[in-house]
Amino acid sequence: RLHVSAVPECLPCREQEFADIYSFIDGKLQDGTGGCMYISGVPGTGKTATVHDVIRVLQQSVDSGSLPPFTFVEVNGMKLTTPFQCYSHILKALTGETATAEHAADLLGRRFESRGPKREPVVLLVDELDLLWTRKQQVMYNLFEWPSRPGSRLVVLTIANTMDLPERLMSNRVSSRLGLTRMTFHPYNHKQLQEIVLSRMQDLEAFDPDAVQLVARKVAAVSGDARRALDICRRAAEIAELSFQGSPKKKSRHIVGMAHVDQAIQEMFSSPKIIAMQNLALQEQLFMRAVVAEFERTGVEEGTFASVYQQHISLCRLEGAKPPTLSEASAMCARLASCRLLLAELGCNDLFYKIQLNVNTDDVNYALKNA
């Protein structure tokens, strides 16, 4: 029940978001119109799970005859080799046809332009929208523009980590025509995280309530990511199970306590990479923070050395530290890559080589929060 992939019967602490998404889709389906909703929020805040829950309830309404039938299609940017592949994926899901990305885009454009009263409405979920960025932004433009066509009967739900991704990544031509309904999923606070963990256990008195509260407060202080809280609780349960093996105590006393949770937290937040980050020199720590800041700015978990360097200079000014020269920063990046904290295309002679984190952003924030 504590595994992040386990699907709960209902999602606690997201009732309002559920109601808003449900009303949006239900209204479009009842009216036979199209529309687009842009859903944003940091990872682990229940965005995808809430949308899946809404779709499940809507499909139950279709089965009971209270809602017109619709076709649900889901695309995840992380599972596509290129952004353009989403066209082929959508076309195959709708028609069963296999086509090149260019041909699929043309067929889909015609489909959503023609008025077909007997055609089933389509609800399209695009997860990890951040990864569908292209230089000309054509993929995002089409996803946002198709629902606005009269008679398209297309409802698009896009999910991304960054609140203002459309404005940051798309040209004025795109953002001026979006007409988006927006929704933001804020990070969970400690009370909500506590409720989420307890809801997974339902009537099982397996955890000391104080132990659950400790997990909730710890995770809320770092990220508010429910998945991290569930991971810690699951690891604490494993530790407790090992410690209870062969124990003569009664089973009723076998609950996961503060000591088990504390050990799980120490394991989770004391990995070799976290210790390595805590032992970095100040400028190296600032460079790691600059990488995270750049990812948060763009919503894409990849940046260029040049853009990260600009973030680094800004952080140095905020911290009152002397900014490194370009060559110093480049050497710093190479050292961090050799430690496997970063993945970088070293050896390139330009400033625009790609940089990725090789650690979780939560781990960076936790390791360097007092830096």
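Residues 1 to 371, numbered by full-length UniProt numbering, are exactly what the sequence shown covers, in order.
Backbone N, C-alpha and C fix where the C-beta goes; we use that ideal spot for every residue, glycine too.
Problem set entry | Buried versus exposed, by CB contacts within 10 Å (16 or more), residue 218 | Position 218 of the sequence shown, counted from the first residue, corresponds to residue 218. Buried: at least 16 other Cβ atoms inside 10 Å.
Problem set entry | the segment 311 to 325 in contact with the segment 287 to 294 per 3-pair CB rule at 8 Å | yes
Exercise. In chain order, what residues of the same chain lie with their CB nearer than 8 Å to the CB of residue 131, ignoring the 5 residues before and after it?
Worked result: Position 131 of the sequence shown, counting from 1, holds the residue named residue 131. For residue 131, where only same-chain residues beyond five positions count, the Cβ hits under 8 Å are 77, 78, 80, 83 and 300.
For this session: Please go through the same chain and pick out, in chain order, the residues whose beta-carbon is closer than 7 Å to the beta-carbon of residue 17, but skip the five residues on each side of it.
Result: Against the sequence shown, residue 17 aligns to sequence position 17. If we look at residue 17 and ignore the five residues flanking it on each side, its Cβ neighbours are 50, 183 and 185.
Exercise. Secondary structure at residue 127, three-state DSSP: helix, strand or coil?
Worked result: As a first step, residue 127 is located in the sequence shown; it is residue number 127 there, counting from the start. In this structure, residue 127 counts as strand in the three-state DSSP scheme.
Problem set entry | For residue 22 and residue 180, believed in contact at Cβ under 8 Å, the rounded distance | Within the sequence shown, residue 180 is the residue found at index 180, counting from 1. Within the sequence shown, residue 22 is the residue found at index 22, counting from 1. The pair is not a contact, with the Cβ atoms about 18 Å apart (cut-off 8 Å).
Exercise. What residue from 10, 320, 89 and 260 has the CA that sits closest to residue 72's CA?
Worked result: Residue numbering aside, residue 72 sits at position 72 when the sequence shown is read from its first letter. That would be 89, whose Cα lies nearest to the Cα of residue 72.
For this session: Would you list the residues sitting across from residue 38 in a DSSP beta bridge?
Result: The sequence position of residue 38 within the sequence shown is 38, counting from 1. According to DSSP, which records beta bridges pairwise, residue 38 is partnered with 158 and 182.
Exercise. How many Å lie between residue 195 and residue 227 at the Cα?
Worked result: To locate residue 195, count along the sequence shown from 1; it is residue 195. To locate residue 227, count along the sequence shown from 1; it is residue 227. In a straight line, the C-alpha of residue 195 is about 13 Å away from that of residue 227.
For this session: Spell out the partners DSSP gives residue 109 in its beta bridges.
Result: Here residue 109 corresponds to residue number 109 of the sequence shown, with the count starting at 1. The partner list for residue 109 (beta bridge, DSSP) is empty, contrary to what the question assumes.
Exercise. According to DSSP, what are the bridge partners of residue 62?
Worked result: The residue given as residue 62 occupies position 62 in the sequence shown. Answer is none; residue 62 lacks a bridge partner.
Exercise. Just checking my contact of residue 70 with residue 122 at CB under 8 Å: how many whole Å lie between their CB atoms?
Worked result: Translated into the one-based positions of the sequence shown, residue 70 becomes position 70. Translated into the one-based positions of the sequence shown, residue 122 becomes position 122. At roughly 7 Å, the Cβ-Cβ gap stays under 8 Å, so residue 70 and residue 122 are in contact.
For this session: Pull up the DSSP beta-bridge partners for residue 343, would you.
Result: Counting from one through the sequence shown, the residue named residue 343 turns up at place 343. In DSSP, residue 343 forms a bridge with 356.
For this session: Indicate the three-state DSSP secondary structure (helix, strand or coil) for residue 27 in the structure shown.
Result: Residue mapping note: residue 27 aligns to position 27 of the sequence shown, counting from 1. Helix.
Problem set entry | Local conformation of residue 76 per DSSP, three classes | Position 76 of the sequence shown, counted from the start, is the residue given in the question as residue 76. Three-state result, residue 76: strand.
Problem set entry | Closest by C-alpha distance to residue 47, when choosing among 33, 15 and 242 | Start at 1 with the first residue of the sequence shown, and residue 47 comes out as number 47. Selected option, being the one with the closest Cα: 15.
Exercise. Roughly how many whole angstroms lie between the Cα atoms of residue 137 and residue 255?
Worked result: To locate residue 137, count along the sequence shown from 1; it is residue 137. To locate residue 255, count along the sequence shown from 1; it is residue 255. Each residue's Cα considered, the two are about 53 Å apart.
Problem set entry | DSSP state of residue 300 mapped onto helix, strand, coil | Along the sequence shown, one-based indexing puts residue 300 at 300. Residue 300: coil per DSSP, three-state reduction.
Exercise. Mapping DSSP to helix, strand and coil, what is residue 100?
Worked result: What you label residue 100 is simply residue 100 of the sequence shown in a count that begins at 1. Looking at residue 100 - three-state DSSP - the assignment turns out to be coil, as it is neither helix nor strand.
Exercise. Should residue 279 be labelled buried (16 or more other beta-carbon atoms within 10 Å of its own) or exposed?
Worked result: Against the sequence shown, residue 279 aligns to sequence position 279. So residue 279 counts as exposed.
Problem set entry | Nonlocal neighbours in the same chain, by C-beta distance under 8 Å from residue 67, ignoring five residues either side | As a position in the sequence shown, residue 67 is number 67, starting the count at 1. Taken in chain order, the residues that qualify are 26, 29, 30, 58 and 61.
Exercise. Counting Cβ pairs, one atom from each stretch, are 3 or more of them under 8 Å apart for the segment 111 to 120 and the segment 149 to 158?
Worked result: yes
For this session: Would you please state the rounded distance, in angstroms, between the beta carbons of residue 368 and residue 358? I believe it to be under 8 Å.
Result: In the sequence shown, the residue the question calls residue 368 occupies position 368. In the sequence shown, the residue the question calls residue 358 occupies position 358. The pair is not a contact, with the Cβ atoms about 15 Å apart (cut-off 8 Å).
Exercise. Using the C-alpha atoms, what's the distance from residue 275 back to residue 197?
Worked result: Taking the first residue of the sequence shown as position 1, residue 197 is located at position 197. Taking the first residue of the sequence shown as position 1, residue 275 is located at position 275. C-alpha separation (whole angstroms): 28 Å.
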